[in-house]
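Novice:
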Amino acid sequence: MCACVTLLLVAPCLAAQPAMVRIDSINGGCHVGDDLVISGRTKNLPDGTTIDLNFENPWHPVVPISAYVTDNRYTATIDTEYLGVGVWSVWASTPFPVHSFASSRRIPFMILPRFNHLYDVQVEA
923 MCACVTLLLV APCLAAQPAM VRIDSINGGC HVGDDLVISG RTKNLPDGTT
973 IDLNFENPWH PVVPISAYVT DNRYTATIDT EYLGVGVWSV WASTPFPVHS
1023 FASSRRIPFM ILPRFNHLYD VQVEA
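Heads up, the sequence shown is in this note's numbering, so the first residue is 923 and it goes up one at a time.
Right under this line is the structure:
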């Protein structure tokens, strides 16, 4: 009886946690040597709360950057050359135990190589 009551009281709280951090879709699926802007919204997180943006692909461990919540929104920018070429995914989460279950869905995107030699064409007079 006690376990059932506890489960009923805890389960709704756990189910509500993932919605605390949401991530917006990324404009464009492919990026070449540009800045990637990641943004999203939160629910009932105080201003100044740190949001971890976790970038991952099969060949690299998680690459985290941080953003801060202001008016239930967060925004961060990362240079795609810092991550490197390949298929990546990103998700947002809260790093602190009080919100340990708060994380967003994963958003996939691709970083393509930059071909500098195509842009450095010299014209001789």
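We put the CB at the ideal spot given by N, CA and C, even for glycine.
Can you tell me which of the three DSSP states T992 falls into?
Specialist: Taking the sequence shown and counting its residues from 1, the one referred to as residue 992 is at position 70. Correct three-state label for T992: strand.
Novice: Would you check if the distance between the CB atom of P1030 and the CB atom of G951 is smaller than 9 angstroms?
Specialist: Sequence index remark: in the sequence shown, residue 1030 carries index 108 (1-based). Sequence index remark: in the sequence shown, residue 951 carries index 29 (1-based). Result yes, Cβ atoms of P1030 and G951 sit closer than 9 angstroms.
Novice: Starting from the N-terminal side, write out each stretch of the beta strand (DSSP E) that is 3 residues or longer and does not extend beyond the region 944-1008.
Specialist: Runs of the beta strand (DSSP E) inside the region 944-1008: 957-964, 972-979, 982-990 and 995-1001.
Novice: With 16 as the cutoff for other CB atoms within 10 Å, does G970 come out buried or exposed?
Specialist: Here residue 970 refers to the residue found at position 48 of the sequence shown. Label assigned to G970: exposed.
Novice: Hey, would you say N976 sits closer than 9 angstroms to A1014, going by beta carbons?
Specialist: Within the sequence shown, the letter at position 54 stands for residue 976. Within the sequence shown, the letter at position 92 stands for residue 1014. In this structure, A1014 lies closer than 9 angstroms to N976 by Cβ.
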